[in-house]
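Participant: Plus 253 on top of the position in the sequence shown (first one is 1) and you've got our numbering.
Built from N, CA and C at the ideal position, the CB exists for glycine as well.
Pasting a structure below so you can have a look.
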Amino acid sequence: MSDSPQSLPPDEYLSAEEITTLHDILQQQLAEILSESKEELHDLTEQREVDADELDLAVSESNRDFQLRLADRERRLLRKIQRALQRMQNGEYGVCESCGNPISFPRLMARPVASQCIDCKTEMEQLERPKRAFV
Ligand SMILES: [Zn+2]
């Protein structure tokens with residue numbers, strides 16, 4: 254039980270105020286992605302309407318590609334945000350998934366969806382890099 258979060262000094266945890274701040278940022282990011290995707294799709298629809306018939310097919314083809322790319326990027330980000338909000342609800346937010354140490358407030362402000370402390374994140378990236386080179 255030595256790795257229990259309870260063994261950490263309480264002042265290293267996020268305060269209720271800090272969690273509220275980060276919660277608001279996550280909610281805002283969520284709203285931004287949703288409205289952004291609507292605007293982008295709306296722009297494409299408008300653009301398509303003014304195009305000549307022969308261009309229409311090409312445009313609609315690239316629309317599909319764009320929508321798929323957009324959806325993929327958004328799905329990933331949305332999942333991360335939803336996961337962060339879920340962790341917040343469970344009281345697990347702000348604790349590194351790998352080592353159980355608190356993630357610093359400045360790091361979370363820069364990247365609210367972070368689920369690892371900077372040490373573990375750096376270590377993971379260093380482990381991943383040579384692995385990728387061999388594949
Ligand atoms: Zn860690």
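If you run the structure through DSSP and keep just helix, strand and coil, what is Glu-359?
Facilitator: For this step, residue 359 is matched to residue 106 along the sequence shown. In the sequence as displayed, the identity of residue 359 is Pro instead of Glu. Helix.
Participant: In terms of DSSP beta bridges, what is Val-348 paired with?
Facilitator: Residue mapping note: residue 348 aligns to position 95 of the sequence shown, counting from 1. Paired residues: Pro-355.
Participant: Buried or exposed: which applies to Cys-352, given that a residue is buried once 16 or more other Cβ atoms fall within 10 Å of its Cβ?
Facilitator: Translated into the one-based positions of the sequence shown, residue 352 becomes position 99. Cys-352 should be labelled exposed.
Participant: DSSP state of Leu-267, grouped into three classes?
Facilitator: The residue labelled residue 267 in the question sits at position 14 within the sequence shown. In this structure, Leu-267 counts as coil in the three-state DSSP scheme.
Participant: Exposed or buried, Glu-378, counting other C-beta atoms within 10 Å across all chains shown (16 or more means buried)?
Facilitator: Position 125 of the sequence shown, counting from 1, holds the residue named residue 378. When all chains shown are included, Glu-378 counts as exposed.
Participant: Check this for me: beta carbons of Leu-286 and Pro-365, under 8 angstroms apart or not?
Facilitator: Counting from 1 along the sequence shown, the entry for residue 286 is found at position 33. Counting from 1 along the sequence shown, the entry for residue 365 is found at position 112. In the sequence under discussion, the amino acid at residue 286 is Ile, which differs from the Leu named in the question. No.
Participant: Is the closest heavy atom of ligand 1 to the C-beta of Ser-357 under 7 angstroms?
Facilitator: Position 104 of the sequence shown, counted from the start, is the residue given in the question as residue 357. Not so, every heavy atom of ligand 1 lies at least 7 angstroms from the Cβ.
Participant: How many Å lie between Gly-344 and Ala-269 at the Cα?
Facilitator: Stepping through the sequence shown from its first residue, residue 344 is reached at position 91. Stepping through the sequence shown from its first residue, residue 269 is reached at position 16. Each residue's alpha carbon lies about 11 angstroms from the other.
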